[in-house]
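Participant: In order, the protein sequence lines correspond to chains E and Y. Residue numbers for the first sequence follow my numbering, so the first one is 2 and each next one is one higher. Residue numbers for the second sequence follow my numbering, so the first one is 3 and each next one is one higher. Beta carbons: idealized from backbone N, C-alpha and C, even for Gly. Just so it is clear, the structure is predicted and the values come from calculations on it, not from any experiment.
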Amino acid sequence: MTHVLRPIGLLAELTHRCPLQCPYCSNPVNLDRKSGELDTATWKRVFAEASELGVLQVHLSGGEPTARSDLPDIVAHCREVNLYTNLITSGVLLDQPALQRLYDAGLDHIQLSIQDVEEANADRIGGYRGGHAKKLDLAKRVVALGLPLTVNWVVHRQNIHNLGRMIELAVEMGAKRVEIAHTQYYGWAFKNRRALMPTYRQTLDAIALVEEARRRLEGVIVIDSVVPDYYARFPKACVGGWGRRAINITPQGRVLPCHAAETIPGLVFDNVKDKPLSEIWLNSEAFNAFRGTDWMPDLCRNCDRKEIDWGGCRCQAMAITGSASETDPACSLSPLNATLRAMAEEDSAAEPDAFRYRRFGG
Amino acid sequence: MDALGPQCVPRLPRGVRLSYDQARERWLMLAPERIFEPNEVALAVLRLCDGQRTVQAICEELGKSYNADPAVIMTDVVELLGGLVQKRLIEP
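#1: Taking C-beta to C-beta, are E65 of chain E and P20 of chain E nearer than 8 Å?
#2: So Q58 of chain E is in the beta strand (DSSP E); what residue range does that whole segment cover?
#3: Between E327 of chain E and A318 of chain E, how many whole angstroms is the CB-CB distance? I'm expecting something under 8 Å.
#4: R102 of chain Y touches chain E at which residues, Cβ-Cβ below 7 Å?
#5: Report the residue from E:T67, E:L84, E:L6, E:E120 whose alpha carbon sits nearest the alpha carbon of P98 of chain E.
#6: Beta carbons nearer than 7 Å to chain Y: which residues of the region 92-120 of chain E have them?
#7: Quick check on V243 of chain E: does DSSP put it in helix, strand or coil?
#8: Output yes or no for whether 8 Å exceeds the beta carbon distance between D117 of chain E and N160 of chain E.
#9: Let me make sure I understand the geometry here. Which of E:I281, E:S226, E:G92 has the alpha-carbon closest to that of E50 of chain E?
#10: Does G242 of chain E have its Cβ less than 8 Å from a Cβ in chain Y?
#11: Judging by CA-CA distance, which residue of E:W44, E:L197, E:A261 is the nearest neighbour of G188 of chain E?
#12: Which same chain residues end up closer than 6 Å to D310 of chain E when comparing Cβ atoms and leaving out the 5 residues on each side of it in sequence?
#13: Between D144 of chain Y and chain E, is there a C-beta pair that is closer than 8 Å?
#14: Roughly how far, in whole angstroms, is the beta-carbon of P258 of chain E from the beta-carbon of A287 of chain E, given that I think they are within contact range, below 8 Å?
#15: With a threshold of 8 Å between beta-carbons, can T41 of chain E be considered close to chain Y, or not?
#16: With a CB to CB cut of under 8 Å and the five nearest residues on each side skipped, what residues in its chain are close to A320 of chain E?
#17: From the DSSP secondary-structure annotation, give me the bridge partner or partners of T90 of chain E.
#18: Looking at chain Y, which residues of the region 58-88 of chain E have a Cβ within less than 8 Å of any of its Cβ atoms?
#19: DSSP puts I224 of chain E in a beta bridge; with which residues?
#20: What did DSSP end up calling N153 of chain E once you bin it into helix, strand or coil?
#21: Enumerated in chain order, which unbroken segments of the alpha helix (DSSP H) with a length of 4 residues or greater are wholly contained in the region 179-216 of chain E?
#22: For L12 of chain E, collect the residues of the same chain with a Cβ closer than 6 Å to its Cβ; drop the 5 residues on either side in sequence, then sort them by chain order.
#23: Is DSSP giving V30 of chain E helix, strand or coil here?
#24: Can you name, in chain order, every residue of its own chain whose Cβ lies under 8 Å from the Cβ of V79 of chain Y, other than the five neighbours on each side?
#25: Taking 8 Å as the CB-CB cut-off, is G107 of chain Y touching chain E?
#26: Within the region 22-89 of chain Y, note down every full beta strand (DSSP E) run reaching 3 residues or more, in order along the chain.
#27: Roughly how many whole angstroms lie between the Cα atoms of T340 of chain E and L334 of chain E?
#28: Just checking: is the beta-carbon of P94 of chain Y within a distance shorter than 8 Å of some beta-carbon in chain E?
#29: Quickly, what does DSSP pair A13 of chain E with across the bridge? List them, please.
#30: Of all the CB atoms in chain Y, is at least one closer than 8 Å to the CB of P149 of chain E?
#31: Output the distance between the C-alpha atoms of G131 of chain E and R18 of chain E, rounded to the nearest integer angstrom.
#32: With distances taken between CB atoms, is the gap from T151 of chain E to H110 of chain E smaller than 8 Å?
#33: Verify the CB distance criterion: does L48 of chain Y have a CB-CB separation below 8 Å to chain E?
#34: Under 6 Å Cβ to Cβ from P8 of chain Y, same chain only, skipping five residues before and after it: list those, please.
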């Protein structure tokens, strides 16, 4: 029997509505519609249950979470139940009164995504004209208010050449933290692989650049980087290990071990409308499917990294090998690692496809 | 860390909170995408970083509680807070 830890983080996808259409969106290809979204009272109950269960930080996400008019109410409630609130936003809907309401409600931190340093390219990637200017304006207002700002850059072949300037811009903006998030290829990004995948060379250069910047900017800005795992030696410990630290809740209330878990066929997800969160965390079939190390194939179970990377990512194993209980092919020890690498190199060498933008109805 | 003299008033910036983790019965420092568990000494110092007390006043307070010389405590407190300033967890 696997020992079950208490969760630390909750990613709340408050809505899948979003004015942007980024082709690497982490939301599922089949987006939840507004009509099925959880109401304010249900979210409040869920956050209270999450706090009791041990969750410390809540990531209010989407879609675009500020598309919900009850967001300040939700933030205030999270504070009341002693949860740290992090808003993950595209920023384009936050005018000054809306920002002030969130500040007054006790919001702890804002993570703002920006698509590129070049305005035209940024607006093209996000599929939203005028978005870039709005984001820069919001960043100024956030810093002026004294709210800590993280700038999040999702990196891919159509903006990776600007990586150095992305970090510089984050410093100029007064961000305390910057995230360099190499695209993770699930859902929308998997569909858009040919438009997004950088070459091996570009990836190595990007890693070196981030390392150098991190040393140079110590004490100025915290740089966190999500590694591009198609070119890595070992897989990432996805969500810190399945069912170990993280919970994801969809706009309609389905509780997932990670945001992409619905790409795994056959898993049954419980809904917060039917059961308390603690019961779902402890007993749901989906959370127990890949918890701990018992489920692992021999290659992982006999590996001394099994409790470091926890077998990597189940959704990636599913996408590439056709089975979610295989070793993540991003691991250099996986028999399919060469296939994954070849796929990435082929995608990165091809003429980039046009974006398939993230929209309702796929 | 020259920036943190005896007359500085260290405080936790917005977005950094000292919080009691009821479920696990421990104090934590919550920050953007980060969680730190302060040891007993760090916790004692952090609880006095209220945006009112100077470093000097914090040391005097600790001196009383731990029956120690504030001048001796000062070195440790400045080093501890200096490290937290570097991590952006304290504003000098």
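Facilitator: Based on what the coordinates show:
#1: Within the first sequence, numbered from 1, the residue matching residue 65 of chain E stands at position 64. Within the first sequence, numbered from 1, the residue matching residue 20 of chain E stands at position 19. In contact: E65 of chain E and P20 of chain E (Cβ atoms closer than 8 Å).
#2: Numbered from its first residue, the first sequence carries residue 58 of chain E at position 57. Segment 58-62, the beta strand (DSSP E) holding Q58 of chain E.
#3: Here residue 327 of chain E is taken as the residue at index 326 of the first sequence, counted from 1. Here residue 318 of chain E is taken as the residue at index 317 of the first sequence, counted from 1. E327 of chain E to A318 of chain E, Cβ: 5 Å. Contact.
#4: Because chain Y is modelled from 3 through 94, residue 102 of chain Y falls outside the range shown and cannot be assessed.
#5: On the first sequence, residue 98 of chain E is found 97 positions in, with the first residue counted as 1. That would be E:T67, whose Cα lies nearest to the Cα of P98 of chain E.
#6: From the region 92-120 of chain E, only D109, H110 have a Cβ closer than 7 Å to chain Y.
#7: As a first step, residue 243 of chain E is located in the first sequence; it is residue number 242 there, counting from the start. The question names Val, but residue 243 of chain E in the sequence shown is Trp. Of the three classes helix, strand and coil, the one that applies to W243 of chain E here is coil, per DSSP.
#8: The residue you call residue 117 of chain E lines up with position 116 of the first sequence. The residue you call residue 160 of chain E lines up with position 159 of the first sequence. Against a cut-off of 8 Å, the Cβ pair of N160 of chain E and D117 of chain E comes out as a contact.
#9: Counted from its first residue, the first sequence places residue 50 of chain E at position 49. Nearest C-alpha to E50 of chain E: E:I281.
#10: Taking the first residue of the first sequence as 1, we reach residue 242 of chain E at position 241. No, no contact with chain Y.
#11: Here residue 188 of chain E is taken as the residue at index 187 of the first sequence, counted from 1. With distances taken between Cα atoms, G188 of chain E lies closest to E:A261.
#12: In the first sequence, residue 310 of chain E corresponds to position 309, counting from 1. Within the same chain, and ignoring the five residues on either side of D310 of chain E in sequence, the residues whose Cβ sits closer than 6 Å to its Cβ are F235, P236, A238.
#13: Nothing can be reported for residue 144 of chain Y: it is not among the residues displayed for chain Y, which extend from 3 to 94.
#14: Locating residue 258 of chain E in the first sequence gives position 257, counting from the first residue. Locating residue 287 of chain E in the first sequence gives position 286, counting from the first residue. Distance from P258 of chain E to A287 of chain E at the Cβ level is roughly 6 Å; contact confirmed, criterion being Cβ atoms closer than 8 Å.
#15: As a first step, residue 41 of chain E is located in the first sequence; it is residue number 40 there, counting from the start. With its beta carbon at least 8 Å from every one in chain Y, T41 of chain E lies outside the interface.
#16: The residue you call residue 320 of chain E lines up with position 319 of the first sequence. These residues qualify, in order along the chain: Y186, Y187, F191, T264.
#17: For this step, residue 90 of chain E is matched to residue 89 along the first sequence. According to DSSP, T90 of chain E bridges with E:L113.
#18: Residues passing the 8 Å Cβ filter: Q58, N83, Y85, N87.
#19: By one-based count along the first sequence, residue 224 of chain E stands at place 223. E:V179.
#20: Your numbering for residue 153 of chain E matches position 152 in the first sequence. If DSSP states are grouped into helix, strand and coil, N153 of chain E belongs with the strands.
#21: The region 179-216 of chain E is shown to contain whole alpha helix (DSSP H) runs of 4 or more residues at 188-192, 194-197, in chain order.
#22: For the purposes of this step, residue 12 of chain E is taken as residue 11 along the first sequence, with counting starting at 1. Within the same chain, and ignoring the five residues on either side of L12 of chain E in sequence, the residues whose Cβ sits closer than 6 Å to its Cβ are H60, S62, N249.
#23: Here residue 30 of chain E corresponds to residue number 29 of the first sequence, with the count starting at 1. Coil.
#24: As a working mapping, residue 79 of chain Y is identified with position 77 in the second sequence. Result list for V79 of chain Y: V47, V57, I60, C61, L64, in chain order.
#25: Absent from the structure is residue 107 of chain Y, since the part of chain Y shown begins at 3 and ends at 94.
#26: If one requires a minimum length of 3 residues, the beta strand (DSSP E) runs lying completely within the region 22-89 of chain Y are 28-33, 36-38, in chain order.
#27: The residue you call residue 340 of chain E lines up with position 339 of the first sequence. The residue you call residue 334 of chain E lines up with position 333 of the first sequence. Here the alpha carbon of T340 of chain E sits roughly 12 Å from the alpha carbon of L334 of chain E.
#28: Reading the second sequence from its first residue, position 92 is the one you call residue 94 of chain Y. Not closer than 8 Å to any Cβ of chain E, the Cβ of P94 of chain Y fails to qualify, so no.
#29: For this step, residue 13 of chain E is matched to residue 12 along the first sequence. Paired residues: E:L61, E:I250.
#30: Position 148 of the first sequence holds residue 149 of chain E. Closer than 8 Å: yes.
#31: Position 130 of the first sequence holds residue 131 of chain E. Position 17 of the first sequence holds residue 18 of chain E. Taking the straight line from one Cα to the other gives about 18 Å.
#32: As a first step, residue 151 of chain E must be located in the first sequence, where it is residue number 150. As a first step, residue 110 of chain E must be located in the first sequence, where it is residue number 109. At the C-beta level, T151 of chain E and H110 of chain E come within 8 Å of one another.
#33: In the second sequence, the residue the question calls residue 48 of chain Y occupies position 46. With 8 Å as the cut-off, L48 of chain Y does not count as an interface residue toward chain E.
#34: Counting from 1 along the second sequence, the entry for residue 8 of chain Y is found at position 6. Result list for P8 of chain Y: V57, Q58, in chain order.
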